[in-house]
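Offset between the sequence shown (1-based) and my numbering: plus 335. Working notes for the structure below.
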Amino acid sequence: MEHFTPQDFEIYDMHAHIFPDKISEKATLSIGKFYDIGMAYSIGDPEHLLKAEAQIGTKRMLVCSVATSPKQVVSINNFIKEQCDLHPEMIGFAALNADYEDIEGEVERIISMGLHGVKLHADFQKEPIDSRKSYKIYEAIEGRLPVLHHMGDYRHDYSHPRMLVKVMQDFPKLKVLASHLGGFAAWDEAESVLQASENIRFDTSSSVCLMSPERAVRMIRKFGVDRCMFGTDFPMWDPLKEAETLLSLGFNFEDYRKMFSLNAKEYLNL
Ligand SMILES: [Zn+2]
336 MEHFTPQDFE IYDMHAHIFP DKISEKATLS IGKFYDIGMA YSIGDPEHLL KAEAQIGTKR
396 MLVCSVATSP KQVVSINNFI KEQCDLHPEM IGFAALNADY EDIEGEVERI ISMGLHGVKL
456 HADFQKEPID SRKSYKIYEA IEGRLPVLHH MGDYRHDYSH PRMLVKVMQD FPKLKVLASH
516 LGGFAAWDEA ESVLQASENI RFDTSSSVCL MSPERAVRMI RKFGVDRCMF GTDFPMWDPL
576 KEAETLLSLG FNFEDYRKMF SLNAKEYLNL
């Protein structure tokens with residue numbers, strides 16, 4: 336089996352979190368607590384992200400932050416935009432919250448700021464991905480902005496893979512990036528209900544590193560190498576370790592090129 340290193344590829348990280356300096360340490364800690372997982376980095380600010388990504392020469396990275404309350408939406412989006420202006424390698428995804436009073440207005444603002452999509456985290460936001468309130472968001476972004484969905488949890492039922500199937504039926508033009516191979520800790524269900532389709536993509540963050548190599552290969556092949564993209568979930572995991580884990584799965588050079596960059600560029604028109 337041929338062995339590749341991260342340096343053999345142009346790398347796009349399609350799932351990274353950043354927090355403003357002031358709260359980055361607290362926010363990182365609270366995610367670690369939420370998942371009861373030790374975080375690879377204790378501070379998830381832009382500076383640490385760039386340093387971590389430099390280890391594998393990441394060319395571009397999707398950055399996002401979650402609005403756990405509607406009050407945070409505007410300030411997070413201003414922060415993401417500011418960071419993207421400072422660091423052109425960042426691909427900004429905006430925050431939204433189903434309780435935000437002017438979703439349509441904020442979607443217009445997000446598009447005018449040049450951000451590339453929207454990030455939702457049903458478990459942090461305690462809002463099921465197939466709720467009526469979530470549907471208001473999809474109505475505002477369908478055909479305009481892709482949504483990066485956190486998928487799956489073993490304790491809550493806000494982001495179960497089967498709910499995504501319904502959303503995709505009801506919003507046939509909605510582009511969805513289903514994180515964590517479609518279902519963090521709910522991979523049995525993700526594997527059985529999610530299908531590759533024109534508008535869905537998957538990222539490999541917080542999933543490939545938590546399952547057996549056999550399962551990771553099987554799920555990536557089932558969803559399609561053309562539809563899976565490398566992601567790290569920084570600051571939860573270390574980009575170098577994540578890239579090495581993906582590279583240990585034995586895909587061929589062309590498949591890795593797709594997962595490390597080509598699929599991302601095609602999906603987001605970069
Ligand atoms: Zn995330």
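Idealized CB from N, CA, C, for every residue including glycine. Model, not experiment: these values are computed from the prediction.
With distance defined between alpha-carbon atoms, name the residue in A362, K368, I426 and F558 nearest to D538.
If we check each option's Cα against that of D538, F558 comes out closest.
Answer yes or no: the CB of H515 versus the heavy atoms of ligand 1, is any distance below 6 Å?
No, the Cβ of H515 stays beyond 6 Å of every heavy atom of ligand 1.
Would you check whether ligand 1 has a heavy atom nearer than 6 Å to the C-beta of H485?
Correct: H485 has its Cβ closer than 6 Å to ligand 1.
My output table needs one value for F347: the three-state DSSP class, helix, strand or coil.
This sequence places Tyr at residue 347; Phe is not what is there. Looking at Y347 - three-state DSSP - the assignment turns out to be strand.
In this structure, what does DSSP give as the bridge partners for K454?
According to DSSP, K454 bridges with A430 and L483.
Assuming K416 contacts M448 under a Cβ cut-off of 8 Å, what Cβ separation, rounded to an integer in Å, is found between them?
At roughly 5 Å, the Cβ-Cβ gap stays under 8 Å, so K416 and M448 are in contact.
With a cut-off of 8 Å on the beta carbons, I'd call D568 and S540 a contact; round off their distance for me.
Yes, they are in contact, since the Cβ atoms of D568 and S540 sit about 4 Å apart, within 8 Å.
So who's on the other strand from H352, going by DSSP bridges?
BP columns for H352 point to C399.
Identify whether L512 lies in helix, strand or coil by the three-state DSSP scheme.
Residue state, collapsed to three classes: strand.
Quick one, are the C-beta atoms of H350 and G566 less than 7 Å apart?
Yes. Within cutoff.
How many angstroms separate the CA atom of D492 from the CA atom of F459?
So the alpha carbons of these two residues sit roughly 12 Å apart.
Opposite D465 in the DSSP bridges: which residues?
Bridge partners of D465: none, in fact.
Name the two residues that bound the continuous beta strand (DSSP E) containing I535.
Note, I535: beta strand (DSSP E), I535 to D538.
Taking Cβ positions, are S481 and L512 nearer each other than 7 Å?
It is Pro, not Ser, that sits at residue 481 in the sequence shown. Their beta carbons are under 7 Å apart, which means P481 touches L512 by this criterion.
Taking only the alpha-carbon atoms, compute the straight-line gap between P548 and M571 and give it to the nearest angstrom.
Rounded to whole angstroms, P548 to M571 spans 20 Å at the Cα level.
Just list the residues that DSSP pairs M564 with in beta bridges.
According to DSSP, which records beta bridges pairwise, M564 is partnered with D538.
Using the DSSP secondary-structure output, state which residues sit across from M503 in a beta bridge.
None; M503 has no bridge partner.
In the structure shown, what three-state DSSP assignment does M425 receive?
Note: M425 maps to strand in three-state DSSP.
State the Cα-Cα distance for the pair D505 and K386, rounded to the nearest angstrom.
Cα to Cα, D505 sits roughly 41 Å from K386.
Judging by CA-CA distance, which residue of I358, Q342 and L364 is the nearest neighbour of E388?
That would be Q342, whose Cα lies nearest to the Cα of E388.
In terms of alpha-carbon separation, which member of K510, I445, D434 and F586 lies closest to G427?
Of the candidates K510, I445, D434 and F586, the one whose C-alpha sits nearest the C-alpha of G427 is I445.
Would you mind stating whether Q390 and L575 have Cβ atoms separated by less than 7 Å?
Closer than 7 Å, so yes.
So, helix, strand or coil for F569, using DSSP?
Reduced to three states, the DSSP call for F569 is strand.
Between the beta-carbon of V398 and the beta-carbon of I353, is there less than 7 Å?
Yes, these two residues count as a Cβ contact at 7 Å.
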